[in-house]
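Structure first, then comments.
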């Protein structure tokens, strides 16, 4: 059965429809793969999963197979298994957000995204690893240990959704759900050679997504192909009355856009290269692959212009004030009273609720979470509010205006997704600023709420590791990301003679 | 140049209800100063006339009909509680000794 795991989700769906394979067989093949490469006992593994639900996934697969044989209505991805980032509530399955403070918590309800996956018949293989409360760019801030990049187990898989990206890159799952607050879907996609999409803010429900920063968080697809992302986006997207920030408008036809793009004609499409997102500090091999990809878009008929977004240089500063401010407020709910960890201060059996709260939050939160809570508390405190948080909100306006002006000159904007390829585990762990710089190119889209996709652009010459190509579109025009992304993917596939992941080294001891 | 002193970090940790020990304070204070320094460039970027954006969507006051909808049972709501007593969350004392 192992041959199935290397197929795309779309191919798996076709094979299910043709009766060539069952959902139970597909699901079992992925569970076998997880057992072989994720946390093998005799060697180092990928460690993409925090929790695997073999029993539940196989039961959901059997139900999908039963619906298929009974001739019941089926979704486009019915029976294709999926992995879900551990930041989304799953009824009856642990949801830790990569934090000790939620160890052992079993949500009593499903996030809307999860409910939609279940309704569409996608068996849920398990929950994927992440930086604690999605704070990080390497998945090293998980309280349960880092995830390893399948391209090189000594390197980071990106973050915060390194688990979802690594699972898909290692063929442990054909599809996964991620969440992107400042790049946590796109940057892991770039460094693992996979596709990641951050939808328009409000395009996918946030109900049941444990909030990091409400005004920035967005769930989206993590896959190996652009078409697979479009198929998954259509399953999870659309209005949800349970999320007051959900957009009450139909999604554009994303699958049609991906198919149109794959046909290879980009005539009449204006592509804007963002001047500010390259140059000093960018890895030369990443830039080379980026420029080659731009050339391929020109070859496909696109018109390329250079655009300037002068305030993007301030995006990181604005983000690292807005995000900690929102996070410090959000994480106040972890108070040891209603759910999650409760730690009593040592030697104080008669401690007050407040003392228990302090001890619990010290024991339950990791370093990065504490850093950001304290930074956010500072930014929101009187005397500093106007100078920091107030200024950051104004810069957010300027960044949105930069996007508006740029989208008058171009239909999509492009840049490398991340400034470098995957770095070594531990390399930037105690240097917060170096870590934050990974999200330089992805943050502006979150601040403005516009959609973005990262598509593999090849391997950087210096280190043979994947680089990503980012495509941004105006709010609600997610279809443009899919059209241009699929066109680039098709051109690159032809050049490579097959998927980029075919060039990844075999994971020791396990053939796929 | 903005700088957060060790005492300020201790004060902020207190406001955020996190018991930081001495080693954590020694570690965090210089790191926070470096982070603040790198975001301080933001002051003066936007003029007085620029309105703030708190949210990417121009949405305000999203209402729903005031009708009863399905919700969690008491058992479900209490299922993750560290301690439960008589179908309620049981918490440590919330008042001082003398109260």
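Protein chains in written order, with this note's numbering: chain P, 133 to 644; chain E, 859 to 957. Every residue gets a Cβ at the ideal spot worked out from N, C-alpha and C, and that includes glycine.
7 Å Cβ cut-off: residues of chain E touching residue i
i, result
"residue 377 (chain P)", "915 and 917"
"residue 101 (chain P)", "Chain P is shown from 133 up to 644; residue 101 (chain P) falls before or after that span and cannot be answered."
"residue 469 (chain P)", "947 and 949"
"residue 336 (chain P)", "Those do not exist, as residue 336 (chain P) stays about 13 Å from chain E at its closest Cβ, beyond 7 Å."
"residue 564 (chain P)", "889 and 893"
"residue 561 (chain P)", "Simply none; closest approach about 12 Å."
"residue 519 (chain P)", "901"
"residue 347 (chain P)", "912, 913 and 914"
"residue 573 (chain P)", "By Cβ distance, chain E contributes nothing, its closest Cβ being about 17 Å from residue 573 (chain P), past 7 Å."
Strand pairing of residue i, partner residues [DSSP]
i, result
"residue 602 (chain P)", "P:547 and P:586"
"residue 946 (chain E)", "E:943"
"residue 556 (chain P)", "P:287"
"residue 215 (chain P)", "P:258 and P:308"
"residue 281 (chain P)", "P:284"
"residue 951 (chain E)", "P:484"
"residue 435 (chain P)", "P:402"
"residue 314 (chain P)", "Residue 314 (chain P) pairs with nothing; no bridge assigned."
"residue 250 (chain P)", "According to DSSP, which records beta bridges pairwise, residue 250 (chain P) is partnered with nothing at all."
"residue 153 (chain P)", "Residue 153 (chain P) is not bridged to any residue."
"residue 328 (chain P)", "P:354 and P:586"
"residue 220 (chain P)", "P:341"
"residue 336 (chain P)", "P:369"
"residue 878 (chain E)", "Answer by DSSP bridge pairing: none, since residue 878 (chain E) is not bridged."
"residue 225 (chain P)", "P:222"
Contact set for residue i: own chain, Cβ-Cβ below 7 Å, skip 5 residues either direction
i, result
"residue 873 (chain E)", "none"
"residue 337 (chain P)", "244, 245, 372, 374, 375 and 378"
"residue 957 (chain E)", "Interpretation of residue 957 (chain E) is limited by its pLDDT of 47, a score under 50 that renders its predicted location unreliable; the figure taken from the coordinates is listed afterwards. Hits under 7 Å: none found."
"residue 568 (chain P)", "448 and 452"
"residue 339 (chain P)", "243, 244, 372, 374 and 375"
"residue 316 (chain P)", "266, 291, 292, 293 and 310"
"residue 575 (chain P)", "314, 315, 447, 448 and 451"
"residue 883 (chain E)", "864, 867 and 868"
"residue 209 (chain P)", "141, 145, 252, 254, 363, 364 and 367"
"residue 870 (chain E)", "none"
"residue 941 (chain E)", "948"
"residue 861 (chain E)", "891"
"residue 566 (chain P)", "560"
Per-residue contacts from residue i into chain E (C-beta, under 9 Å)
i, result
"residue 581 (chain P)", "913, 914 and 915"
"residue 505 (chain P)", "870, 871, 874 and 876"
"residue 121 (chain P)", "Any question about residue 121 (chain P) goes unanswered here, given that chain P covers just 133 to 644."
Proximal residues of chain P, C-beta to C-beta of residue i below 7 Å
i, result
"residue 942 (chain E)", "The contacting residues do not exist; residue 942 (chain E) stays about 10 Å from chain P at best."
"residue 883 (chain E)", "Simply none; closest approach about 10 Å."
"residue 926 (chain E)", "Chain P residues near residue 926 (chain E): none, gap ~15 Å exceeds 7 Å."
"residue 922 (chain E)", "373"
Cβ-based neighbour list, residue i, same chain, cut-off 8 Å, excluding 5 preceding and 5 following
i, result
"residue 86 (chain P)", "Residue 86 (chain P) is absent from the structure shown; chain P starts at 133 and stops at 644."
"residue 528 (chain P)", "450, 454, 579 and 580"
"residue 358 (chain P)", "327, 390, 393, 394, 585, 587, 614, 617, 618 and 621"
"residue 531 (chain P)", "441, 443, 444, 446, 447, 450, 576, 579 and 580"
"residue 517 (chain P)", "511"
"residue 625 (chain P)", "631"
"residue 932 (chain E)", "945"
"residue 410 (chain P)", "419, 422, 547 and 548"
"residue 499 (chain P)", "273"
"residue 954 (chain E)", "none"
"residue 552 (chain P)", "414, 415, 418 and 570"
Proximal residues to residue i (C-beta, below 6 Å), its chain only, five neighbours per side dropped
i, result
"residue 333 (chain P)", "350 and 581"
"residue 876 (chain E)", "none"
"residue 607 (chain P)", "332, 581 and 582"
"residue 344 (chain P)", "265, 266, 313 and 459"
"residue 939 (chain E)", "947"
"residue 370 (chain P)", "383"
Chain-ordered chain E contacts of residue i [CB-CB under 8 Å]
i, result
"residue 530 (chain P)", "903, 904 and 908"
"residue 472 (chain P)", "938 and 940"
"residue 602 (chain P)", "Per Cβ cutoff of 8 Å: no residues; residue 602 (chain P) is ~18 Å from chain E at best."
"residue 257 (chain P)", "Those do not exist, as residue 257 (chain P) stays about 23 Å from chain E at its closest Cβ, beyond 8 Å."
Any non-hydrogen atom of the ligand NAD within 7 Å of residue i CB
i, result
"residue 332 (chain P)", "Only the bare structure without any ligand can be found here, which leaves the ligand NAD out of the picture."
Residue i: contacting residues in chain B (beta-carbon distance under 7 Å)
i, result
"residue 493 (chain P)", "Annotation note: the requested chain B is absent from the structure, which comprises protein chains P and E."
Q: Ignoring anything shorter than 3 residues or poking outside the segment 346 to 420 of chain P, list the beta strand (DSSP E) runs there in chain order.
A: 351 to 355 and 402 to 406
Q) Looking at chain P, which residues of the segment 890 to 903 of chain E have a Cβ within less than 7 Å of any of its Cβ atoms? A) 890, 892, 893, 896, 897, 899, 900, 901 and 903
Q: Let me know the beta strand (DSSP E) ranges lying completely inside the segment 445 to 521 of chain P, each 3 residues or longer, listed in chain order.
A: none
**Q.** 4-residue-minimum alpha helix (DSSP H) runs that sit fully inside the segment 164 to 207 of chain P, ordered along the chain
**A.** 186 to 202
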